[in-house]
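Worksheet: one structure, shown below.
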Amino acid sequence: MNLLPLEENERITAILPVTEFSEDKFIFMATGDGTVKKTSLDQFANVRANGLIALNLRDEDSLIGVDITDGESEIMLFSKFGKVVRFKESEETAVVDENGQPVLDENGQPEIKFKGVRPMGRTAAGVRGMKLADGDQVVSLIVPKTEGDVLTVTENGYGKRTSLSEYPTKGRGTQGVVSIKVSERNGSVVGAVQVAEGDEFMMITNAGTLVRTRVAEVSQVGRNTQGVTLIRTSEGESVVGLQRIDEIEESELPEGEEALVENDAPVAQDDDGEQE
Numbered sequence: 001m002n003l004l005p006l007e008e009n010e011r012i013t014a015i016l017p018v019t020e021f022s023e024d025k026f027i028f029m030a031t032g033d034g035t036v037k038k039t040s041l042d043q044f045a046n047v048r049a050n051g052l053i054a055l056n057l058r059d060e061d062s063l064i065g066v067d068i069t070d071g072e073s074e075i076m077l078f079s080k081f082g083k084v085v086r087f088k089e090s091e092e093t094a095v096v097d098e099n100g101q102p103v104l105d106e107n108g109q110p111e112i113k114f115k116g117v118r119p120m121g122r123t124a125a126g127v128r129g130m131k132l133a134d135g136d137q138v139v140s141l142i143v144p145k146t147e148g149d150v151l152t153v154t155e156n157g158y159g160k161r162t163s164l165s166e167y168p169t170k171g172r173g174t175q176g177v178v179s180i181k182v183s184e185r186n187g188s189v190v191g192a193v194q195v196a197e198g199d200e201f202m203m204i205t206n207a208g209t210l211v212r213t214r215v216a217e218v219s220q221v222g223r224n225t226q227g228v229t230l231i232r233t234s235e236g237e238s239v240v241g242l243q244r245i246d247e248i249e250e251s252e253l254p255e256g257e258e259a260l261v262e263n264d265a266p267v268a269q270d271d272d273g274e275q276e
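UniProt numbering puts the first residue of the sequence shown at 1, with every later residue one more than the last.
This is the structure:
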């Protein structure tokens, strides 16, 4: 069954479960060139058979991530060069003069400037969410739901788990901070997902190899580190996909399902790539 007719070179980016198309919930979108946009969920209540325009993309840009926000959520964008920016979608900041003193409005109150992401119509192009270096691009969007960890994976099979508290909140449109050290050993970042201790995750390579691992088997480390070996790749092979799997009770697993879980724990390595 063809759910959505696609044009040449077009593909599905995300599937979101929705129970109510409320005007106080938003579809939040991010593109590879660092553009972000949010649109009220109620604007998608009536979708035609051939779909609706959700975002006008600039030339050579593409949608990389979509999630639902409540208007007060935090946003995290991860780039392939190992950078991350975290900001509030409703961010406001006090306006200051050249001396760093607050600017007052006509009522004597501090002047406030909105720096978040305002709701836009479906056909709008969006605003800058992350400033990127030449050649860099955004690869993942995370809307943190609760406290937890971020799992980051690189194309050469390395990755790490870092507490959300390690990622500072900065302003929208900035370059952000280091999320993982990108090196010849690691390769570029493939993706990042929020995980909990009891979750599992899957990685797949361009050679068709799929590995499923428990999050608890990946040591929690600092943000500015290289990580550990999560999957060993052959020459010419690279990781192309990352997916989190919710915690599943053993009683819910079909018989024999446990065999899909990778039994070998990741190999711990220090920042120079040497095994501990």
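Each residue gets a CB set at the ideal place from its N, CA and C atoms; glycine is no exception.
If the five residues before and after residue 131 are omitted, its C-beta is found closer than 7 angstroms to the C-beta atoms of 34, 173, 174 and 175, all from its own chain and listed in chain order. In this structure, the CA atom of residue 20 is about 33 angstroms from the CA atom of residue 168. Excluding sequence positions up to five before and after residue 43, its CB lies within less than 6 angstroms of the CB of 122, all in the same chain and listed in chain order. Distances from the CA of residue 47 to each of 207, 92 and 4 were compared; the closest alpha carbon is that of 4. A check of alpha carbon separations from residue 14 across 40, 54, 229 and 22 identifies 54 as the nearest.
When the beta-carbon positions are compared, residue 140 and residue 201 stay at least 9 angstroms from each other. Taking all protein chains shown into account, residue 18 has fewer than 16 neighbouring C-beta atoms within 10 Å of its C-beta and is therefore exposed.
Bounds of the beta strand (DSSP E) holding residue 193 are 189-195.
Boundaries for residue 123: no beta strand (DSSP E) harbours it, and the DSSP string shows neither H nor E there. Distances from the alpha-carbon of residue 190 to those of 25, 89 and 156 put 156 closest. DSSP lists 201 as the bridge partner or partners of residue 213.
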